[in-house]
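Enquirer: Using full-length UniProt numbering, the letters of the sequence shown map in sequence onto residues 1 to 398.
We put the CB at the ideal spot given by N, CA and C, even for glycine.
In this text the structure is predicted, and so the values were computed from the model without any measurement.
Okay, here's the structure, questions in a sec.
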Amino acid sequence: MKNNPGPLSGIRVLDAATFLAAPYAASKLSEYGAEVIKVEHPVGDHMREIGPFRGDVSLWWKVIARNRQSVTLDLSKEEGRSVFKELASKCDVVIMNYRPDALKKWGLTFEDLVKCREDIIYFHLTAYGAGPYHQRPGFARVAEAFAGLTNRTGFPDGPPVQSGYAMLGDGIAGIYGAFALMLALRQRDLTGEPQSIDLGIYEPVLAMMEDMIINYDETGARMSRLGNSSPRWSPHGLFPTKDGLFAVLACSTEKLWQQLRELMGDNALKIYDNDSNKRVAERAELEGRVAAWTMTYDLADLIQVCGEAGLAIGPIYSAAEIVEDPHIIARKSIISVDEPETGKPLRMAAPAGRFSGFEGTVRHVGPLLGEHTDAVLSELLTYSPERIEALRQQRVIK
Numbered sequence: 001m002k003n004n005p006g007p008l009s010g011i012r013v014l015d016a017a018t019f020l021a022a023p024y025a026a027s028k029l030s031e032y033g034a035e036v037i038k039v040e041h042p043v044g045d046h047m048r049e050i051g052p053f054r055g056d057v058s059l060w061w062k063v064i065a066r067n068r069q070s071v072t073l074d075l076s077k078e079e080g081r082s083v084f085k086e087l088a089s090k091c092d093v094v095i096m097n098y099r100p101d102a103l104k105k106w107g108l109t110f111e112d113l114v115k116c117r118e119d120i121i122y123f124h125l126t127a128y129g130a131g132p133y134h135q136r137p138g139f140a141r142v143a144e145a146f147a148g149l150t151n152r153t154g155f156p157d158g159p160p161v162q163s164g165y166a167m168l169g170d171g172i173a174g175i176y177g178a179f180a181l182m183l184a185l186r187q188r189d190l191t192g193e194p195q196s197i198d199l200g201i202y203e204p205v206l207a208m209m210e211d212m213i214i215n216y217d218e219t220g221a222r223m224s225r226l227g228n229s230s231p232r233w234s235p236h237g238l239f240p241t242k243d244g245l246f247a248v249l250a251c252s253t254e255k256l257w258q259q260l261r262e263l264m265g266d267n268a269l270k271i272y273d274n275d276s277n278k279r280v281a282e283r284a285e286l287e288g289r290v291a292a293w294t295m296t297y298d299l300a301d302l303i304q305v306c307g308e309a310g311l312a313i314g315p316i317y318s319a320a321e322i323v324e325d326p327h328i329i330a331r332k333s334i335i336s337v338d339e340p341e342t343g344k345p346l347r348m349a350a351p352a353g354r355f356s357g358f359e360g361t362v363r364h365v366g367p368l369l370g371e372h373t374d375a376v377l378s379e380l381l382t383y384s385p386e387r388i389e390a391l392r393q394q395r396v397i398k
């Protein structure tokens with residue numbers, strides 16, 4: 001299995017997007033064999049400026065730009081766009097996240113690039129996608145709020161709260177983008193035709209919250225903010241322990257509720273059996289009694305006792321606990337990758353999932369700025385050293 005180059009071996013991706021969401025889709029493809037050429041402005045991608053740093057090296061860049069080749073190219077210059085189109089003609093997939101007016105001005109729309117390669121797959125990811133708001137800029141936080149996630153996050157008596165990870169929407173959109181690219185590749189296999197993908201960052205976030213729309217249509221009510229509770233189940237949330245920590249406990253079925261009630265040994269709680277609506281309606285009282293019970297245990301003991309009873313319970317981890325957890329270590333969910341620029345390995349999350357016939361790989365960390373410019377232009381486009389130097393003198397490349 002380790003010698004399998006991956007199911008996407010032979011697919012070449014030209015990633016001209018910036019920041020996180022669209023490039024994250026390219027990262028997912030790269031982990032399963034796709035070759036990714038990252039086109040950067042000669043001054044470098046914005047993500048190179050984000051820490052943490054090891055010396056002057058952005059470790060964040062080293063992680064998010066994994067498995068890429070870096071080619072510098074100034075797309076604001078006509079010669080740079082000409083080179084880009086030549087690269088596109090050699091690639092299966094082009095990924096963009098520039099606003100539509102810029103792409104139209106530069107002649108780098110789907111309609112333009114399909115002239116370079118008749119079966120090209122073009123992925124354009126923006127905050128809103130095509131439509132009345134297509135020119136509006138936006139990042140993950142804006143998209144999460146637009147999709148309704150921010151409004152339903154927080155406590156009942158407080159304001160909306162943003163998610164704990166500033167780029168949650170980017171990650172969701174990137175994963176969905178990789179899925180969309182796989183569909184487009186399959187459709188091209190079936191028809192031989194080019195494919196254009198138009199995706200707004202907010203759309204995958206909205207698609208995850210199917211209950212919100214049906215609830216509004218049926219009741220006319222907005223989803224209430226519930227803090228750590230669930231609108232559908234109770235007990236369901238975070239519960240304190242004797243040693244000052246918290247456990248997450250989810251009784252999402254009748255069976256789980258009755259298992260918890262039996263474990264607590266509180267027969268008075270039988271009034272909640274076979275009545276999930278009553279449990280939800282009286283969640284404050286019910287979850288308060290559960291919290292009083294969990295407070296009699298240290299976290300480790302609570303997890304053991306509940307686990308032995310078949311309950312869905314777990315700790316609330318930070319990075320410190322994640323990297324030391326024996327299950328995570330056994331599954332190799334965290335890997336160590338050589339980082340030649342500083343000479344010290346870099347730990348990062350492994351590609352998710354385990355497959356019987358192949359595996360996801362991180363072959364190398366993010367590249368130096370323009371590390372592969374000369375090699376890609378000479379080997380893929382057969383440019384002479386003189387032509388490459390001329391581009392450098394014109395500041396089209398670095």
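Leaving out five residues before and five after Ile-316 in sequence, what residues of the same chain have Cβ atoms less than 8 Å from its Cβ?
Expert: Closer than 8 Å at the Cβ level, and outside the excluded window around Ile-316, lie Leu-238, Leu-245, Phe-246, Ala-247 and Val-248.
Enquirer: Output yes if chain B places a C-beta closer than 8 Å to the C-beta of Gly-200; else output no.
Expert: The structure shown contains no chain B; it is built from a single protein chain.
Enquirer: Hey, how far is the Cα of Ala-350 from the Cα of Gly-148?
Expert: Cα to Cα, the separation comes out at about 30 Å.
Enquirer: Could you tell me the distance, in whole angstroms, from the CA atom of Met-1 to the CA atom of Pro-42?
Expert: Since pLDDT at Met-1 reaches only 41, below the 50 mark, its modelled position is unreliable, and no value is offered.
Enquirer: With distances taken from CA atoms, which of Asp-45, Leu-226 and Cys-91 is nearest Arg-117?
Expert: Selected option, being the one with the closest Cα: Cys-91.
Enquirer: Mind checking Phe-355: buried by the 16 CB within 10 Å criterion, or exposed?
Expert: Under this definition Phe-355 is an exposed residue.
Enquirer: How many whole angstroms separate the CB atoms of Arg-81 and Gly-107, which I take to be in contact at a CB cut-off of 8 Å?
Expert: The pair is a contact, with the Cβ atoms about 6 Å apart (cut-off 8 Å).
Enquirer: Identify, in the order they occur along the chain, each residue of the same chain with its Cβ nearer than 6 Å to the Cβ of Ser-336, setting aside the five sequence neighbours on each side.
Expert: For Ser-336, where only same-chain residues beyond five positions count, the Cβ hits under 6 Å are Pro-345 and Arg-347.
Enquirer: By Cβ distance, which residues of its chain are closer than 7 Å to His-46, with the 5 residues on each side in sequence left out?
Expert: Hits under 7 Å: Thr-18 and Phe-19.
Enquirer: Below 8 Å between beta carbons: does that hold for Ala-143 and Ala-127?
Expert: In contact: Ala-143 and Ala-127 (Cβ atoms closer than 8 Å).
Enquirer: Measure how close the beta-carbons of Lys-28 and Ala-178 come, nearest whole angstrom, since I'm counting them as under 8 Å.
Expert: Sure, about 4 Å apart at Cβ, within 8 Å.
Enquirer: For the alpha helix (DSSP H) containing Gly-169, name the first residue and the last one.
Expert: Where Gly-169 is concerned, the enclosing alpha helix (DSSP H) stretches over 168-191.
Enquirer: Exposed or buried, which one is Ile-313 when buried takes at least 16 other CB atoms within 10 Å?
Expert: With 16 or more other Cβ atoms within 10 Å, it is buried.
Enquirer: Roughly how many angstroms separate the alpha carbons of Gly-265 and Trp-233, rounded to a whole number?
Expert: Distance between the alpha carbons of Gly-265 and Trp-233 is about 21 Å.
Enquirer: Could you pull the start and end residues of the beta strand (DSSP E) that Val-337 belongs to?
Expert: First-last of the beta strand (DSSP E) with Val-337: 334-337.
Enquirer: Where does Arg-186 land, buried or exposed, given buried means 16+ other C-beta within 10 angstroms?
Expert: Burial call: exposed.
Enquirer: What residues match up with Gln-69 in a beta bridge as DSSP calls it?
Expert: Answer by DSSP bridge pairing, in chain order: Ile-37.
Enquirer: What are the residues that DSSP puts in a beta bridge with Leu-238?
Expert: Paired residue(s): Val-248.
Enquirer: Please state whether DSSP places Arg-222 in a helix, a strand or coil.
Expert: Coil.
Enquirer: Using the three-state DSSP reduction, which class does Pro-315 fall into: helix, strand or coil?
Expert: Strand at Pro-315.
Enquirer: If you draw a straight line from the alpha carbon of Ser-58 to that of Gly-227, how long is it in whole angstroms?
Expert: Approximately 35 Å between the Cα atoms of the pair.
Enquirer: Report, in whole angstroms, the separation of the C-beta atoms of Tyr-133 and Val-94, which I expect to be a contact under 8 Å.
Expert: In fact, because the Cβ distance is near 23 Å, the residues do not count as touching under 8 Å.
Enquirer: Out of Cys-251, Phe-146 and Leu-125, which one is the CA nearest neighbour of Asn-274?
Expert: Answer by Cα proximity: Cys-251.
Enquirer: State buried or exposed for Tyr-165, treating a residue as buried only when at least 16 other CB atoms are found within 10 Å of its CB.
Expert: Under this definition Tyr-165 is an exposed residue.
Enquirer: Is residue 399 buried or exposed, if buried means 16 or more other CB atoms sit within 10 Å of its CB?
Expert: An answer regarding residue 399 cannot be provided, because it is not within the stretch 1 to 398 covered by the chain.
Enquirer: Tell me which same chain residues have a C-beta within less than 6 Å of the C-beta of Thr-109, skipping the five on either side of it?
Expert: Excluding positions up to five away in sequence, the list reads Leu-103.
Enquirer: Checking the sheet assignment: what are the DSSP bridge partners for His-372?
Expert: Paired residue(s): none; His-372 is not in a bridge.
Enquirer: Considering only their Cβ atoms, is the gap separating Pro-52 from Gly-33 smaller than 8 Å?
Expert: No, the pair does not count as a contact, with Cβ atoms beyond the cut-off.
Enquirer: My understanding is that Pro-367 touches Gln-69, with C-beta atoms under 8 Å, so please give their C-beta distance in whole angstroms.
Expert: Contact holds; Cβ gap of about 6 Å.
Enquirer: Going by CA-CA distance only, name the one from Pro-240, Arg-66 and Thr-373 that's closest to Phe-84.
Expert: Among Pro-240, Arg-66 and Thr-373, the Cα nearest to that of Phe-84 is on Thr-373.
Enquirer: Can you say whether Arg-136 is buried or exposed, counting buried as having 16 or more other CB atoms within 10 angstroms of its CB?
Expert: It counts as exposed.
Enquirer: Tell me whether the beta-carbon of Gly-169 lies closer than 8 Å to the beta-carbon of Val-161.
Expert: Not a contact, by the Cβ cut-off of 8 Å.
Enquirer: For the beta strand (DSSP E) holding Ser-230, just list the boundary residues, first then last.
Expert: Note, Ser-230: premise wrong, no beta strand (DSSP E); not H, not E.
Enquirer: Quick one: grab the DSSP three-state call for Tyr-202.
Expert: Helix.
Enquirer: Count the other C-beta atoms from every protein chain shown that fall within 10 angstroms of the C-beta of Arg-283, then say buried if there are 16 or more, exposed otherwise.
Expert: Answer is buried; the Cβ neighbour count reaches 16.
Enquirer: What span of residues does the beta strand (DSSP E) with Thr-294 cover, start to end?
Expert: Segment 283-294 is the alpha helix (DSSP H) holding Thr-294; no beta strand (DSSP E) there.
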